[in-house]
Amino acid sequence: MERIAESPLAVYQAHLDKGELAYQWSPDAQKAVFYPRVICPFTGSDRLEWRVSAGLGTVYATTVVHPAREGGPYNVALIDCDEGFRLMSRVEGIAPEAVRIGMRVKFRVHRPGGDESPYPVFVPVEAA
Amino acid sequence: MDGLRRGSAAIVGVAESDLGAVASEMSPIDLMAQGIHRALADCGLGLRDVDGLLCATAQSRTSGLALAEYLGISPAFIDTTILGGSSFMFHVSHAQAALTLGLCKVAVIAYGSTQRTVGRRHASVREYNPYETPFRPFLPSTAYALAASRHMHQYGTTREQLAAVAVAARDWALLNPVAWEKKPLTIAEVLSARMISYPFTVRDCCLVTDGGGAVIMTRQERARSLTKPPVYVLGCGQAITHANISSMPDLTVTGALESGRAAYAMAGLGPNDIDVVELYDAFTINTILFLEDLGFCPKGEGGRFVADGRIAPKGSLPVNTNGGGLSYCHPGMYGLLLLIEATRQLRHECGARQVADCATAIAHGNGGVLSSQSTVILGTEAAV
C-alpha cells in the first residue's frame, strides 16, 4: 500500500468546504461506504472511490435532546442517503420534535465558523 | 461457543463492593480490592490462591497493572478486555477458557467505579468522533433513544410500555435492601419526569452511582470442594455489531440475537428453560430489545410483553431481580453486578426477592451503544 497523502477525513472535509457531501464507493462490494476509511469493511480491499452524494435522503431514526443546563431542545437524527449510506446529522428548518421517521430530507452544508469544520445538516425536501 | 464445554468451570464466590455513593477519595481499585476480599471470603479462598486476574474500568488505563500491584500478586493469567458494560461476560468466557487450559487455577473478575463521586465526565472521557460529535448527541442516552424511536415506529411500542420496564425494575429494587432507589414509582411519574433525549425521561435512564464487585471462578472439580454450591457456566456467547450508533446495521435488532444463540447452543438450553433473567438495562428500551433478541418474546412484541407487570415481582417471568441498572445500582459498567445477582439467585440467597425453585439463569451484558453483547447462562448442580 502506498503512503497515504491525505487522510479520509481530510478528503471528506475538503468536499464539505466546497459544499459537497462526499462518501466512498467500493467497486468490489458494489456498496457505499461511510464513514470514509482506508480499506473497505465489506471486502478488505483498499480500492475505494470517492463520490459526491446528490444529497437526498430519508430520516431513519430521530430524537430530541433536552440539555440539562443551557440551550433549548435540538434534533439528532440518523439519515439514510439515497446512495445507500447512513450518517448522523440533524434536521433543521422545522421544530425538532416535528422531525419524523420516513421524512424526505435534503443536505445542506452548515458552517459553524471559528475553528470548527463545516458539517452536513438536512432540511425537509418540501422546504428546500 | 466452540471449544468451551458446558459446566467445565463455575462461579464459586461473588460480592459487591460498597455501592451507591462511596467514601470520598476511594479509587476504583479500592473498590475492586474490597469486592475481591469479600468474594474470596464468600468461597473460602485467599488472595494467595488467585493466579488469574481479569478486570476493566474506564478510570484506569492499565487497570490490570494497577490491581495486580495493589493486591501484591503476579498473576499467571491476566485479561483486561474492555468493551463497555458487557466486558465481564466476555471475561467469564475468557476465564473459563484459561481455567480449562490450565493457564490459571483461580480466576478473579473485578470491577470498580467512582463515577458518581468524581462525576461522569471525569470517570469516562468521551472520544471526539468527527462524524457524530458535531451534532451533540447526549451519549449514551441519545444513541439508545434513536433505537427506541425506531422500535416505536416499526412496532408501535409506546412510552407507557417503556415506562413499565422502569416500574418493574423499581418494584424489584424495593425488595433489595442495598438498592439505591427506596420509593415506589408509577408509569405517570416516569412519563412526567425531566426529558433527557426523547422518548426517554430521566426515569428511562440508568442510575449514575459508584460501585463494583468481584466474581471468583474455578474449574468444576475445585468448585465442588469450596464453601458455597457452585454455579456452573453452562453457556457463553458474544457478538460485536458496531462501535458508534450511526454504524449499527438495524437499530431494532441487537447482537444479543447472535450472542444468545451461541450461549443457548453451548448450554443445550432454550429461553423456555431459563428460570431467572438478568438483562443489562442501561435504558428501558434495552430490556425490551434483549427480551426479544434472547427469545423470550417475538421481535417487535417486547413492549406489549412487559406491559401489565409480566416482568415485575409478581409476574410470570422474573427479570432484573436486583432492581437493575435503573433502580438498584449503575456504576458505569454494570455487567458484573448481573453475574453476581444471577449467582445469588441460583444459590437461593436473595431473601424477599428470591425466585422460587430456580436452577438456571441468564446474565446478559451490553456494552457501548448496543455495540457489544455477551450472554452467560448459569446453572446449579442440578442443571449441569
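In order, the protein sequence lines correspond to chains A and B.
Residue 16 in my numbering sits at position 16 of the first sequence, and the numbers go up by one each step.
Just add 1000 to the spot in the second sequence (first one is 1) and you have my numbering.
From the three backbone atoms N, C-alpha and C, an ideal C-beta is built for every residue, glycine too.
| Check | Outcome |
| --- | --- |
| Element boundaries [alpha helix (DSSP H), containing G1064(B)] | 1063-1071 |
| DSSP-derived helix/strand/coil call for S1141(B) | helix |
| Residues, ordered as in the chain, of the stretch 1146-1160 of chain B that lie near chain A by beta-carbon distance below 9 Å | L1146, A1147, A1148, S1149, R1150, M1152, H1153, Q1154 |
| Extent of the continuous alpha helix (DSSP H) to which M1032(B) belongs | 1028-1043 |
| Close beta carbons around A954(B), own chain, < 8 Å, minus the five adjacent residues each side | As shown, chain B starts at 1001 and ends at 1384. That puts residue 954(B) outside it, with no answer to give. |
| Classification of A1123(B) by the beta-carbon crowding that lies within 10 angstroms, buried from 16 upward | buried |
| Unbroken stretches of the alpha helix (DSSP H), 4 residues or longer, contained in the stretch 1258-1317 of chain B | 1284-1293, 1302-1306 |
| Paired residues, beta bridge with H1364(B) - DSSP | L1279(B), T1375(B) |
| Q1154(B) vs T1252(B) beta-carbon contact at 8 Å | yes |
| For V1319(B) and V1277(B), believed in contact at Cβ under 8 Å, the rounded distance | 5 Å |
| G1044(B), buried or exposed, once every other Cβ within 10 Å from all chains shown has been counted against 16 | exposed |
| Supposed close pair V1108(B), A1214(B) - CB separation, criterion 8 Å | 6 Å |
| DSSP-derived helix/strand/coil call for P8(A) | helix |
| C-alpha gap between E92(A) and E116(A), whole angstroms | 19 Å |
| Beta-carbon neighbours of T63(A), restricted to chain B and to distances below 7 Å | T1142, A1145, L1146, S1149, S1197, Y1198 |
| Sequence-distant residues of its chain with Cβ nearer than 6 Å to K31(A) (five each side left out) | F42 |
| Close Cβ partners of T1287(B) (< 6 Å) along its chain, the five nearest in sequence each way excluded | V1165, L1279, D1281 |
| Amino acids of chain A, ordered along the chain, whose beta-carbon sits closer than 8 Å to that of F1135(B) | V76, M88, S89, R90, Y119 |
| Distance CB(E1181(B))-CB(G1323(B)) smaller than 8 Å | yes |
| 8 Å Cβ cutoff met for E1160(B) and M88(A) | no |
| Candidates V121(A), L21(A), I4(A), V38(A): closest to R51(A) by CA position | L21(A) |
| DSSP-derived helix/strand/coil call for R1126(B) | coil |
| Every unbroken alpha helix (DSSP H) within the stretch 1175-1242 of chain B, with a cutoff of 4 residues, ordered by chain | 1187-1192, 1220-1223 |
| Residue-level contact to chain A via CB, Y1131(B), 8 Å cutoff | yes |
| Closer than 9 Å at the beta carbon, the chain B residues around L9(A) | P1130, Y1131 |
| Contact list for the stretch 1230-1258 of chain B against chain A, Cβ threshold 7 Å | S1246, L1251 |
| Three-state secondary structure assigned by DSSP to V110(A) | Correcting the residue identity first, residue 110(A) is His in this sequence and not Val. Looking at H110(A) - three-state DSSP - the assignment turns out to be strand. |
| Whole-angstrom distance between A1243(B) and F1200(B), CA atom to CA atom | 22 Å |
| Reduced DSSP secondary structure (H/G/I, E/B, other) of F1077(B) | strand |
| Distance CB(A1145(B))-CB(Y1198(B)) smaller than 8 Å | yes |
| Proximity winner among I79(A), G84(A), V64(A), relative to S26(A) (alpha-carbon distances) | G84(A) |
| Buried or exposed (CB count within 10 angstroms, at least 16 for buried), T62(A) | buried |
| Residues of the stretch 1271-1290 of chain B whose Cβ lies closer than 9 Å to any Cβ of chain A, in chain order | none |
| Rounded separation between L1019(B) and L56(A) - CA only | 50 Å |
| Classification of G1112(B) by the beta-carbon crowding that lies within 10 angstroms, buried from 16 upward | buried |
| Any C-beta of chain B under 8 Å from that of I94(A) | no |
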